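For reference, the structure is listed below as structure tokens.
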Amino acid sequence: MPYQWILFDADNTLLDFTGASQKAFAQASQLLEIPAQPDHFQRYKQANHIVWAALEKGQIDTVTLRKKRFELYLKDIQVDRDPVLFNKLYLDNLVRFSELLAGADSLLQHFHGRVKLGLITNGLKEVQRPRLDHTGITKYFDVIVVSDEIGLAKPDPAYFDHAFQLMNKPNKKDVLIVGDNLMSDIKGGVDYQTDTCWYNPSGKPNDTDIIPTLQINQLEELIDATTFDSLV
Numbered sequence: 001m002p003y004q005w006i007l008f009d010a011d012n013t014l015l016d017f018t019g020a021s022q023k024a025f026a027q028a029s030q031l032l033e034i035p036a037q038p039d040h041f042q043r044y045k046q047a048n049h050i051v052w053a054a055l056e057k058g059q060i061d062t063v064t065l066r067k068k069r070f071e072l073y074l075k076d077i078q079v080d081r082d083p084v085l086f087n088k089l090y091l092d093n094l095v096r097f098s099e100l101l102a103g104a105d106s107l108l109q110h111f112h113g114r115v116k117l118g119l120i121t122n123g124l125k126e127v128q129r130p131r132l133d134h135t136g137i138t139k140y141f142d143v144i145v146v147s148d149e150i151g152l153a154k155p156d157p158a159y160f161d162h163a164f165q166l167m168n169k170p171n172k173k174d175v176l177i178v179g180d181n182l183m184s185d186i187k188g189g190v191d192y193q194t195d196t197c198w199y200n201p202s203g204k205p206n207d208t209d210i211i212p213t214l215q216i217n218q219l220e221e222l223i224d225a226t227t228f229d230s231l232v
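Numbering (my numbering), first residue to last: 1 to 232.
Pasting the structure below:
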């Protein structure tokens with residue numbers, strides 16, 4: 001199953017977004033003198049999920065997202081703080097605490113030079129590229145597409161149109177999309193008629209009608225799941 005391109009999602013596919021987010025949230029909360037409670041991060045995650053889902057459906061823009069997620073969270077815990085400042089402190093620390101998932105760097109090293117690599121991410125422009133630089137993986141990618149920079153988000157087909165333009169319009173059968181999110185990554189790829197690989201490290205069941213081409217539980221499994229006839 002040779003591919004000419006592999007397009008990777010970033011958060012929780014290559015970057016440990018969950019770990020960095022929890023640390024960044026805790027640091028921002030401390031700076032704002034919000035007393036720590038065991039359920040606060042989970043309550044923030046619920047608010048964040050609601051807002052990102054709205055963005056991916058085209059219902060809000062990223063300017064609204066930055067403020068709205070912390071507005072919802074602060075309202076939920078009944079604390080009066082500036083949601084815009086909370087967002088800034090959180091994003092600043094998100095870059096600082098960013099780390100790669102285990103095996104991500106060696107995986108990219110393996111594929112670099114064998115196929116062309118792209119990174120496709122739904123993220124905010126002030127943090128996504130700095131996080132890639134911070135973790136040292138920018139050098140691996142021929143193309144990087146950040147949703148906030150182009151005003152489009154996965155799974156919108158127009159997002160993938162933009163990416164494919166940057167890639168000089170390869171044949172869709174020569175492209176594999178790898179990501180952890182069934183909706184934005186896998187449905188986005190399926191709807192765009194490319195092969196997809198669902199990275200599912202926790203082995204959670206797929207109770208949707210979204211069917212990936214491949215499924216892996218560890219990043220290194222992608223090496224065995226794909227073969228290449230020759231170097232690109």
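C-beta: ideal position from N, C-alpha, C; glycine also. Predicted model, so just to flag it, every value in this text is computed and none were measured.
DSSP places L117 in the uninterrupted beta strand (DSSP E) bounded by K116 to T121.
Following the DSSP letters along the chain, one finds Q109 inside the alpha helix (DSSP H) bounded by residues A104 to F111. If you draw a 10 Å sphere on the C-beta of A102, you find fewer than 16 other C-beta atoms in it, and that means exposed. The Cβ-Cβ distance between G123 and S98 does not fall below 8 Å. C-alpha of I150 to C-alpha of Y192: approximately 18 Å in a straight line.
Per the Cβ contact rule, the stretch 162-178 is in contact with the stretch 2-9 (3 or more Cβ pairs under 8 Å). Runs of the alpha helix (DSSP H) lying entirely within the stretch 19-102 and spanning at least 4 residues, in chain order: 40-56, 62-77 and 83-96. With a minimum length of 4 residues, the unbroken runs of alpha helix (DSSP H) contained wholly in the stretch 148-183 fall at 157-166. In summary, D16 is buried, with 16 or more beta-carbon neighbours lying within 10 Å of its beta-carbon over all protein chains present.
In the structure shown, Q215 adopts extended strand secondary structure according to DSSP, grouped into three states. The secondary-structure analysis by DSSP pairs Y199 across a beta bridge with I216.
Exclusion of the five residues before and after D195 leaves L176 and T213 as the residues of its chain whose Cβ lies within less than 6 Å of its Cβ. Classified as buried, A28 has 16 or more neighbouring CB atoms from the shown chains inside 10 Å of its CB. When DSSP reads this structure, V190 sits in no beta bridge, so it has no partner. V127 has no beta-bridge partner at all, per DSSP. Residue range E221 to A225 is occupied by the alpha helix (DSSP H) that includes L222. Taken through DSSP and simplified to helix, strand or coil, L132 comes out as helix. If you check the CB distance, I144 and D105 do not come in under 8 Å. A direct Cα-to-Cα measurement between R43 and A36 gives close to 12 Å.
Under the three-state reduction of DSSP output, D142 falls in the coil class, being neither helix nor strand.
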